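Position 84 (the sequence shown) corresponds to 84 in the UniProt record's numbering; numbering is contiguous.
Using N, Cα and C, we set each Cβ at its ideal position, and we do this for glycine too.
It should be emphasised that the depicted structure is a prediction, and the values quoted were computed from it without experimental measurement.
Working notes, structure below.
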Amino acid sequence: MKKIISVFILLAIVGFVYSQSPSALKPKGATSKDTIKKNKTAIAPQPVLPEKDTTVVVPSKFKFYKKNGHASYYAEKFTGKRTASGKKFNNNSYTAAHKKLPFGTMIKVTNEANGKSVIVEVTDRGPFVRTREIDLSRKAFMEISEGKGGQMKVTIETAEK
């Protein structure tokens, strides 16, 4: 009985070692087949669609929205990330974040200190600071702030449809 148990244990050990050995010891007949044929593409290439026309029609009339609003600009870390509207944010475009105005609203932001203004599109929600009314893209902010950083007081007007 001890011999039978010893032979059984020995066969179990040999079987375990054989199953763990590299494929060089395994018979060559057991090759695995690829499920995707080499000459066919798995996914058909999608046609490249041209981007939406970026020409902006500037509205001629604006309606007063808010005076003495505090404005600042987006940090660089948000460039390339998706906004709340689903568009990718670009700090070199004329966009803004506002808490309440609908996405796509064209607004005129005027610096109260020097009278310079810029027209931007609302593409995001925010700013999430209680005292701030609007966040502008860096390009829009620098255009009306004379290169100064930080924040400024602005007047906000919405485009009439």
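Neighbour-count burial assignment, residue i, 16 or more Cβ in a 10 Å radius
i      : result
TYR18  : exposed
MET152 : buried
LYS108 : buried
Rounded Cβ spacing between residue i and residue j (contact assumed at less than 8 Å)
i      : j      : result
ARG132 : SER72  : 6 Å
THR123 : PHE141 : Not a contact, Cβ separation roughly 15 Å.
Pairwise C-alpha distance: residue j and residue i
i      : j      : result
ASN90  : ALA84  : 13 Å
PHE64  : ILE156 : 7 Å
LEU101 : GLY126 : 10 Å
ILE5   : GLN20  : 23 Å
MET106 : ASN92  : 17 Å
LYS88  : GLY15  : 58 Å
LYS99  : THR110 : 18 Å
LYS81  : LYS161 : 30 Å
SER60  : VAL154 : 20 Å
LEU136 : ALA97  : 6 Å
ILE134 : LYS66  : 11 Å
ALA75  : GLY115 : 24 Å
ASP53  : LYS148 : Note that ASP53 has pLDDT 49, beneath the 50 cutoff, so the model's placement of it is unreliable and no number is given.
Residue i, enclosing alpha helix (DSSP H) - first and last residue
i      : result
ALA12  : 2 to 20
LYS139 : 138 to 145
CB of residue i within 8 Å of CB of residue j, strictly
i      : j      : result
THR158 : PHE78  : no
GLU146 : VAL118 : no
THR95  : VAL129 : no
Range of the contiguous beta strand (DSSP E) that encloses residue i
i      : result
GLU76  : Counting along the chain, GLU76 falls outside any beta strand (DSSP E), and DSSP gives it neither H nor E.
SER117 : 117 to 124
THR155 : 152 to 159
ASN111 : 106 to 111
ALA97  : 95 to 98
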